[in-house]
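Everything below concerns the one structure shown next.
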Amino acid sequence: MIKNYFKDWTKFELTFLICGLTVSILSSIIFKGTIIDTLYTSLYLVTALLMSKGKIECYFVGFISTFFYGIVSYNQGYYGELIITIFLTFPIMIIGIISWLRNQDKEDDVVIVNTLPRKEIIIALASQLILFWIYYFLLKAFNTDLLVISSISVVTSVLASYFEARRSELSLFCYIANDIVIITLWIIPVIAGETALISVLVGPILLLINDIYGSYNWRRLKKVQEEKRVE
Numbered sequence: 219m220i221k222n223y224f225k226d227w228t229k230f231e232l233t234f235l236i237c238g239l240t241v242s243i244l245s246s247i248i249f250k251g252t253i254i255d256t257l258y259t260s261l262y263l264v265t266a267l268l269m270s271k272g273k274i275e276c277y278f279v280g281f282i283s284t285f286f287y288g289i290v291s292y293n294q295g296y297y298g299e300l301i302i303t304i305f306l307t308f309p310i311m312i313i314g315i316i317s318w319l320r321n322q323d324k325e326d327d328v329v330i331v332n333t334l335p336r337k338e339i340i341i342a343l344a345s346q347l348i349l350f351w352i353y354y355f356l357l358k359a360f361n362t363d364l365l366v367i368s369s370i371s372v373v374t375s376v377l378a379s380y381f382e383a384r385r386s387e388l389s390l391f392c393y394i395a396n397d398i399v400i401i402t403l404w405i406i407p408v409i410a411g412e413t414a415l416i417s418v419l420v421g422p423i424l425l426l427i428n429d430i431y432g433s434y435n436w437r438r439l440k441k442v443q444e445e446k447r448v449e
């Protein structure tokens, strides 16, 4: 059964999954990360890879990985990341599950990629530029560390989750931007000497590689699906 599940995975995807999980676990052991750190990094990698493949399972694994990320963020004082998790990511994920379940390419067992109208894209981007300041002052009230970076992280994360729920390939580009922001967020304490957090930092670095691949794969899926409709 497990073997059949992976039959449509490419060699790159399988290799990346195995190597990514190995790196996550080893980095946690070497740099003395916590079990929570290891679970977050490993599960987030699986979630991101499933999402890149357009698999609905990404949401079910994602709920668990997001929960662990909330714990990691709270422990580090990154309340912006915690707020994203509780009040934004979870609700949008529920909407996403419904949307993806209703729009499945049953032949290939993947989500049907959606083309959003330009007006919706502009409204989504403009709304987050405005809401940035609300995030900023809200996080400031919680004495959040690295305030500006945390606020940008909220913006990119919300956009990524929204576009993902709307089944748009734009989600991958927003995830790439969010990965870069999160890498910055975690590399600062690592440079300051908190080497145990290297096990956490490994996560977004792996996600960045995955999301770059995912942006390519979603464009490929979209092209294949458009060709099917023409036929």
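Sequence positions in the sequence shown follow this note's numbering and run 219 to 449. In this text, a Cβ means the ideal position worked out from N, Cα and C, and glycines have one as well. Values in this document were obtained by computation on a predicted structure and should not be read as measured data.
By the Cβ test, the stretch 265-282 is in contact with the stretch 310-323, since at least three Cβ pairs between them sit closer than 8 Å. Taken through DSSP and simplified to helix, strand or coil, residue 226 comes out as helix. The alpha-carbon of residue 276 is positioned some 5 Å away from that of residue 265. Partner residues in the beta bridge of residue 322, as assigned by DSSP, are 329.
For residue 336, the enclosing alpha helix (DSSP H) starts and ends at 336-359.
Annotation for residue 260: the continuous alpha helix (DSSP H) segment containing it runs 253-270. By the Cβ neighbour-count rule, residue 236 is exposed, with fewer than 16 other Cβ atoms within 10 Å of its own.
Here the stretch 351-358 makes no contact with the stretch 383-393; the two share fewer than three CB pairs at distances below 8 Å.
Taking residue 330 as the centre and dropping the five residues before and after it, the same chain places the C-beta of 321, 322, 323, 385 and 443 closer than 8 Å to its C-beta, in chain order. The beta carbon of residue 303 sits closer than 8 Å to those of 284, 285, 287, 288 and 291, all from its chain and outside the five residues before and after it, given in chain order.
A Cβ-Cβ separation of about 15 Å leaves residue 239 out of contact with residue 270 under the 8 Å criterion. Membership of residue 397 in the alpha helix (DSSP H) is indicated by the continuous run 388-409. In the three-state scheme derived from DSSP, where H, G and I count as helix and E and B as strand, residue 274 is classed as coil. Taking C-beta separations shorter than 8 Å and ignoring five residues to either side along the sequence, the partners of residue 230 in its chain run 431, following chain order. Within a 10 Å sphere around the beta-carbon of residue 223 sit fewer than 16 other beta-carbons, which makes this residue exposed. Here residue 401 is near residue 426, since their CB atoms are less than 8 Å apart. Around the beta carbon of residue 428, 16 or more other beta carbons sit within 10 angstroms, so the residue counts as buried.
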